[in-house]
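Below: one structure, written as structure tokens.
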Amino acid sequence: MEKGIRELETRRDSIYRQIEVLKDFRPGTISVNYRRCGKKNCTCHQKDHPGHGPQYLWNTTRKGKSLAQNLRLGPELDKVQKEVETYKQFDRLCQEAIEVNEQICRLRPVPEIEDEKELDTLKKKLQRRFFRRRKR
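Mapping of the sequence shown onto my numbering: position 100 corresponds to residue 111, and the numbering continues sequentially without gaps.
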């Protein structure tokens with residue numbers, strides 16, 4: 012069992028090192044939109060025309076609110092694409108670290124209580140913690 016814990020701790024340390032070397036990242040997605048203008052005789056109103064664009068938007072949600080930012084073609088779009096991809100790697104590594112930590116917690120032995128006095132002290136402590144009397 013100790014060998015399994017050591018292997019998992021080594022794996023966890025490896026995950027942490029991978030997270031450390033990640034560059035800038037941001038959560039969200041990049042979407043492509045085509046828009047139609049308000050001019051009746053514009054080509055964007057024709058049946059098979061996709062509309063004006065493409066317009067690239069970076070979308071994310073923070074504290075329950077949606078945010079969007081227009082991205083210019085070229086370096087800005089490339090930069091944000093790399094940051095979103097790096098965030099996906101970060102998220103995957105975090106999930107993997109959580110899974111490995113849960114396995115370590117399951118395998119690590121629980122300390123034994125050695126004498127009755129220690130057991131009584133623990134019981135009193137838990138009673139005070141969980142069964143507090145309410146003042147009336």
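Idealized CB from N, CA, C, for every residue including glycine.
Bridge partner(s) assigned by DSSP for residue i
| i | result |
| --- | --- |
| residue 44 | 66 |
| residue 103 | Paired residues: none, contrary to the question. |
| residue 73 | 76 |
Which of helix, strand or coil DSSP assigns to residue i
| i | result |
| --- | --- |
| residue 52 | coil |
| residue 80 | strand |
| residue 22 | helix |
| residue 126 | coil |
| residue 86 | helix |
| residue 131 | helix |
For residue j and residue i, believed in contact at Cβ under 8 Å, the rounded distance
| i | j | result |
| --- | --- | --- |
| residue 82 | residue 91 | 6 Å |
| residue 69 | residue 41 | 6 Å |
| residue 65 | residue 44 | 7 Å |
Check your understanding: Is the region 35 to 42 in contact with the region 93 to 110, if contact means three or more CB pairs nearer than 8 Å?
Key -> yes
Check your understanding: Touch check for the region 13 to 21 and the region 114 to 125: three-plus C-beta pairs under 8 Å?
Key -> yes
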